[in-house]
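Have a look at the structure below, then the notes.
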Amino acid sequence: MMRMPEGETIYRFRLLPKDIGVALVVLVALALGFLLFVQVTGRTRAFQAADVPFSIALPATWVDVESLQDVILNVEDPQTGSAFKTTFTVESRDLDPQDPPTLQELVDRRVQLHAELTGYHFLNSSEVTIAGVKGARVEYAYVVQPIDTPRRASLPVVVVAREYIVVMPERSYFLSLAAPEQEFERAARRFELMLATVRFG
Numbered sequence: 039m040m041r042m043p044e045g046e047t048i049y050r051f052r053l054l055p056k057d058i059g060v061a062l063v064v065l066v067a068l069a070l071g072f073l074l075f076v077q078v079t080g081r082t083r084a085f086q087a088a089d090v091p092f093s094i095a096l097p098a099t100w101v102d103v104e105s106l107q108d109v110i111l112n113v114e115d116p117q118t119g120s121a122f123k124t125t126f127t128v129e130s131r132d133l134d135p136q137d138p139p140t141l142q143e144l145v146d147r148r149v150q151l152h153a154e155l156t157g158y159h160f161l162n163s164s165e166v167t168i169a170g171v172k173g174a175r176v177e178y179a180y181v182v183q184p185i186d187t188p189r190r191a192s193l194p195v196v197v198v199a200r201e202y203i204v205v206m207p208e209r210s211y212f213l214s215l216a217a218p219e220q221e222f223e224r225a226a227r228r229f230e231l232m233l234a235t236v237r238f239g
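The structure is reproduced here in structure tokens:
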């Protein structure tokens, strides 16, 4: 250091070769960590239904979970930052080919079914196309109590859901994503990427 006439002290910044080496090692480690994160979160696994013509590519980190409903697929994201985990469900129902319901009739039935959920609130609906098949998208919100056991604190969670309804000649499909409100936008972006891999056949 050197002293100025006014009594101010100036410290000279020096980079030693070992300081540069440490900085480079840290930068390389951060870059490798980021690449590993991207690789792990970007991996997918293929799902092919056994009894119906349906396939989709799912995030490899999502895990299968049991469902009390009659579904062909039910997975959740264990990395969701909430007691309620982001969930993706696929249901399929046989239709009478002689008298199949219209798409609007199926939408109305699903809205009526979901209206039984606690704190249900319809958000919107629109027509869409999935894998070349005409369908509908319905969004709604509701409230769940994720941990409903004595002596375990858990606040209710506002859940936002997006459901795609597709009508085929002999079968209907319901593809549903449900996520905590604060995580819905991120989950919805992932959901749209998943839908791009859907095949009915």
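Residue numbers for the sequence shown, in this note's numbering: 39 to 239. Quick reminder that beta carbons are idealized off the backbone N, C-alpha and C, glycines included. Because the structure is a prediction, the values reported are computed rather than measured.
Taking the C-alpha atoms as reference points, what is the distance between residue 218 and residue 110?
Sequence index remark: in the sequence shown, residue 218 carries index 180 (1-based). Sequence index remark: in the sequence shown, residue 110 carries index 72 (1-based). If you take the alpha carbons of residue 218 and residue 110, they lie about 23 Å apart.
Starting from residue 144, trace the beta strand (DSSP E) both ways and give me its first and last residue.
For this step, residue 144 is matched to residue 106 along the sequence shown. Not the beta strand (DSSP E): residue 144 falls in the alpha helix (DSSP H), residues 141-152.
Would you mind stating whether residue 114 and residue 99 have Cβ atoms separated by less than 8 Å?
Against the sequence shown, residue 114 aligns to sequence position 76. Against the sequence shown, residue 99 aligns to sequence position 61. Cβ atoms of residue 114 and residue 99: not closer than 8 Å.
Status (buried if at least 16 other CB within 10 Å, exposed otherwise) for residue 123:
For this step, residue 123 is matched to residue 85 along the sequence shown. Label assigned to residue 123: buried.
Could you tell me which residues DSSP pairs with residue 102 in its beta bridges?
In the sequence shown, residue 102 corresponds to position 64, counting from 1. Per DSSP, 113.
Residues near residue 161 in its chain [Cβ-Cβ closer than 7 Å; skip 5 each side]
The residue given as residue 161 occupies position 123 in the sequence shown. Within the same chain, residue 161 has close Cβ partners 177, 178, 179.
Three Cβ pairs or more, each shorter than 8 Å: is that satisfied between the stretch 125-136 and the stretch 198-218?
yes
Have a look at residue 96 and residue 216 and give me their C-alpha separation to the nearest angstrom.
Locating residue 96 in the sequence shown gives position 58, counting from the first residue. Locating residue 216 in the sequence shown gives position 178, counting from the first residue. When rounded, the distance between both Cα atoms is 15 Å.
Alpha carbon of residue 78 to alpha carbon of residue 112, nearest angstrom:
Walking along the sequence shown from the start, residue 78 turns up at place 40. Walking along the sequence shown from the start, residue 112 turns up at place 74. Per-residue confidence for residue 78 stands at a pLDDT of 47, beneath the threshold of 50, marking its modelled position as unreliable; the derived number appears in the next sentence. When rounded, the distance between both Cα atoms is 21 Å.
Hey, quick one: how far does the alpha helix (DSSP H) through residue 133 stretch, first residue to last?
The sequence position of residue 133 within the sequence shown is 95, counting from 1. From DSSP, residue 133 is part of no alpha helix (DSSP H); its letter is neither H nor E.
So what does DSSP say about residue 212, is it helix, strand or coil?
The residue labelled residue 212 in the question sits at position 174 within the sequence shown. The answer is strand: DSSP assigns residue 212 an E or B state.
List the whole-angstrom C-beta distance separating residue 120 from residue 195, where the pair is believed to meet the contact cut-off of C-beta under 8 Å.
Stepping through the sequence shown from its first residue, residue 120 is reached at position 82. Stepping through the sequence shown from its first residue, residue 195 is reached at position 157. The Cβ separation is near 6 Å, so the contact holds.
Taking contact to mean at least 3 C-beta pairs separated by less than 8 Å, is the stretch 218-232 in contact with the stretch 151-170?
no
With distances taken Cα to Cα, identify the nearest neighbour of residue 238 among 185, 172, 198.
Taking the first residue of the sequence shown as 1, we reach residue 238 at position 200. Nearest option by C-alpha distance: 172.
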